[in-house]
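Note sheet for the following structure.
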Amino acid sequence: MMTIRESDLEDGRKITFSTIKRDFESYGNHPKGAEGHVVAVENRPDHIKNCPLETLVPPRINPYEQVELHKNYGETMPAQFAAITCPKPSDHVLQEVSKEKESNEEKKGKKKEQKARVREMVNKIVN
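Heads up: the sequence shown is residues 425 to 551, going by the numbering used here.
What follows is the structure, encoded as structure tokens:
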């Protein structure tokens, strides 16, 4: 059972939840009914202790975000936390991001040039 309090005040409302799910993994290994449920719940801690733990692999961070995290926060954080939270990206990632930024800037420049040409043509027609 788990009790959650709405606030730290003494007269705050308390809500109690049952944290035991009926169909947890080892539940089917015990007899049906109330007695089987009690036995299953009693044996559950042992079952949990014997279950192998699965290592979770963190999702890959977008290379651009990786570089921005390191650039913006890497030097302001203590080294022990920065190594985990925003480690320095590999040289390959840094090169990839810089190439992408350059190509984006080139595209922006071309768009600006096109807009300027269109404005000039419109101005010639209007005037």
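Just so it is clear, CB atoms sit at the ideal spot from N, CA and C, and this is done for glycine as well.
query, result
"When K548, F441, K512 are compared against R496, the one with the closest alpha-carbon", "Going by the sequence as given, residue 496 is Asn instead of Arg. Comparing Cα positions, the closest option is K512."
"Beta-bridge partners of I428, as assigned by DSSP", "I439"
"Straight-line gap, Q504 to C510 (C-alpha atoms, nearest Å)", "10 Å"
"For P469, the three-state DSSP class (helix, strand or coil)", "helix"
"Three-state class that DSSP yields for N551 in the structure shown", "coil"
"Cβ of T500 within 7 Å of any chain B Cβ", "Although the question refers to chain B, the structure presented lacks it and comprises just one protein chain."
"Per-residue burial, V542 [other beta carbons within 10 Å of its own, 16 or more giving buried]", "exposed"
"Nearest-angstrom Cα separation, counted from I508 out to M501", "10 Å"
"N-terminal and C-terminal residue of the alpha helix (DSSP H) that P487 is part of", "487 to 497"
"Three-way DSSP call (helix, strand, coil) for E572 in this model", "The requested residue 572 does not occur in the structure, where the chain is confined to residues 425 to 551."
"N- and C-terminal bounds of the alpha helix (DSSP H) containing T479", "Note, T479: premise wrong, no alpha helix (DSSP H); not H, not E."
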